[in-house]
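Visitor: Numbering (the UniProt record's numbering), first residue to last: 1 to 265.
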């Protein structure tokens, strides 16, 4: 498996992705140290809950890394255009290079991207044909991790038994602000934002419309096609195997559009 790295030189994008990574680090180090592991040590929660939390955290950061460093579908300077597909290519009026229809020139990155959805500063990369599935995974796992954190914050104060090995008054004085307010507020903001973004991305995938096309008010009759949700997601993820849709550590291969979807799982 060859995973080529793709980096965008943008200080603002580096700042945004650093903030996202900081939030992930806060939830991965702070919450387990103060809530998850102490209650596990005293037998209040099962080991499976701890494992699930760290799996969700690992998948989230891997999806973040892959989405921010994967090539979104950048067009080469001298693309090879098959003779049978020449009518589906057009000239970009910004870089004066031929590109397939539904491609878009990103002014932030300075090049055209195949089936570009949008440029996301939070991953410091474009979301295009080759990394759209990774961006979708990032939204999903960020929802899972933020919701997990919210549940743990709630249980810490309203459900879990008091920790016998801990000075509860001292713990509340030192960590209540960070745990209850900062973590809970971050969890609500991240869960609400990621849920909204995930819903809009799924709606665009199922309707076969990119965010740029929606903003440009393209007619759905121009590009949209009726297809099942299985085929729509299989085309984006590059595989018909549903279990692989959730794994960020793999490569994507475009599907043959002429084949009908058949469920393998």
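For glycine and all other residues, C-beta sits at the position ideal for the given N, C-alpha and C.
Which partner residues of residue 99 appear in the DSSP bridge assignment?
Guide: The residue you call residue 99 lines up with position 99 of the chain shown. DSSP output for residue 99 lists 90 as bridge partner(s).
Visitor: Which class does residue 8 belong to by DSSP, given the choice of helix, strand or coil?
Guide: Mapped onto the chain shown, residue 8 falls at position 8. In the structure shown, residue 8 sits in coil (DSSP, three-state: anything other than H, G, I, E or B).
Visitor: Distance check for residue 126 and residue 117, CA to CA, integer angstroms please.
Guide: The count along the chain shown starts at 1 and reaches residue 117 at position 117. The count along the chain shown starts at 1 and reaches residue 126 at position 126. Roughly 8 Å between the two C-alpha positions.
Visitor: What is the DSSP secondary structure of residue 52, counted as helix, strand or coil?
Guide: Here residue 52 is taken as the residue at index 52 of the chain shown, counted from 1. Helix, per DSSP.
Visitor: Output the distance between the C-alpha atoms of residue 35 and residue 101, rounded to the nearest integer angstrom.
Guide: Locating residue 35 in the chain shown gives position 35, counting from the first residue. Locating residue 101 in the chain shown gives position 101, counting from the first residue. Answer to the nearest angstrom: the Cα atoms are 51 Å apart.
Visitor: First and last residue of the beta strand (DSSP E) that includes residue 290?
Guide: The chain is shown only over 1 to 265; residue 290 falls outside these bounds and no answer can be derived.
Visitor: Is it true that the CB of residue 245 sits closer than 8 Å to the CB of residue 233?
Guide: Taking the chain shown and counting its residues from 1, one reaches residue 233 at position 233. Taking the chain shown and counting its residues from 1, one reaches residue 245 at position 245. Closer than 8 Å, so yes.
Visitor: Closer than 6 Å by C-beta to residue 194: which residues in its own chain qualify, once you throw out the five before and the five after it? Chain order, please.
Guide: Walking along the chain shown from the start, residue 194 turns up at place 194. Here the set comprises 139, 142 and 143.
Visitor: Hey, how far is the Cα of residue 208 from the Cα of residue 236?
Guide: Numbered from its first residue, the chain shown carries residue 208 at position 208. Numbered from its first residue, the chain shown carries residue 236 at position 236. Distance between the alpha carbons of residue 208 and residue 236 is about 10 Å.
Visitor: Within the present structure, is the beta-carbon of residue 145 separated from the nearest heavy atom of the ligand COA by less than 7 Å?
Guide: Looking at this structure, you won't find the ligand COA or any other ligand, since it has none at all.
Visitor: Would residue 22 pass as a contact of residue 124 if the rule is Cβ separation under 8 Å?
Guide: In the chain shown, residue 22 corresponds to position 22, counting from 1. In the chain shown, residue 124 corresponds to position 124, counting from 1. Cβ distance not < 8 Å, so residue 22 and residue 124 don't count as in contact.
Visitor: With a cut-off of 8 Å, do at least 3 Cβ pairs link the segment 129–139 to the segment 197–217?
Guide: The segment 129–139 vs the segment 197–217: in contact.
Visitor: What residues are listed by DSSP as bridge partners for residue 112?
Guide: The residue labelled residue 112 in the question sits at position 112 within the chain shown. According to DSSP, which records beta bridges pairwise, residue 112 is partnered with 105.
Visitor: Going by CA-CA distance only, name the one from 6, 130, 48 and 80 that's closest to residue 251.
Guide: Along the chain shown, one-based indexing puts residue 251 at 251. When each option's Cα is compared against that of residue 251, the closest is 130.
Visitor: Name the one or two DSSP bridge partners that residue 118 has.
Guide: Taking the first residue of the chain shown as position 1, residue 118 is located at position 118. Residue 118 pairs with 127.
Visitor: Do you know offhand how far residue 28's Cα is from residue 192's?
Guide: Within the chain shown, residue 28 is the residue found at index 28, counting from 1. Within the chain shown, residue 192 is the residue found at index 192, counting from 1. Rounded to whole angstroms, residue 28 to residue 192 spans 19 Å at the Cα level.
Visitor: Out of 84, 229 and 190, state which residue places its alpha-carbon closest to the alpha-carbon of residue 266.
Guide: Look at the range of the chain in this structure, 1 to 265, and you will see that residue 266 is not part of it.
Visitor: Note down the Cα distance separating residue 186 from residue 10, rounded to an integer number of angstroms.
Guide: Residue numbering aside, residue 186 sits at position 186 when the chain shown is read from its first letter. Residue numbering aside, residue 10 sits at position 10 when the chain shown is read from its first letter. Taking the straight line from one Cα to the other gives about 25 Å.
Visitor: Does residue 113 pass the burial test, meaning 16 or more other C-beta atoms within 10 Å, or should it be called exposed?
Guide: For the purposes of this step, residue 113 is taken as the residue at position 113 of the chain shown. Buried.
Visitor: Please list the terminal residues of the continuous alpha helix (DSSP H) segment that includes residue 188.
Guide: Taking the chain shown and counting its residues from 1, the one referred to as residue 188 is at position 188. Counting along the chain, the alpha helix (DSSP H) containing residue 188 begins and ends at 184–207.
Visitor: Which residues in the same chain as residue 219 place their Cβ atom closer than 8 Å to its Cβ, once the five residues preceding and following it in sequence are excluded?
Guide: To locate residue 219, count along the chain shown from 1; it is residue 219. Summary for residue 219: the model assigns pLDDT 46, below 50, so the residue's position carries little reliability; its value from the coordinates is reported in the next sentence. Nothing meets the Cβ criterion.
Visitor: Which residues share a DSSP beta bridge with residue 74?
Guide: Counting from 1 along the chain shown, the entry for residue 74 is found at position 74. Looking at the DSSP assignment, residue 74 forms a beta bridge with 113.
Visitor: Inspect the CB distances between the segment 86–106 and the segment 70–77 and report whether three or more fall short of 8 Å.
Guide: The answer is yes - the segment 70–77 touches the segment 86–106, with three or more Cβ pairs under 8 Å.
Visitor: Three-state secondary structure (DSSP) at residue 252?
Guide: Position 252 of the chain shown holds residue 252. Residue state, collapsed to three classes: coil.
Visitor: Are the Cβ atoms of residue 206 and residue 229 separated by less than 8 Å?
Guide: Within the chain shown, residue 206 is the residue found at index 206, counting from 1. Within the chain shown, residue 229 is the residue found at index 229, counting from 1. Result yes, Cβ atoms of residue 206 and residue 229 sit closer than 8 Å.
Visitor: Could you spell out where the alpha helix (DSSP H) holding residue 35 opens and where it closes?
Guide: Along the chain shown, one-based indexing puts residue 35 at 35. No alpha helix (DSSP H) contains residue 35, which DSSP labels as neither H nor E.
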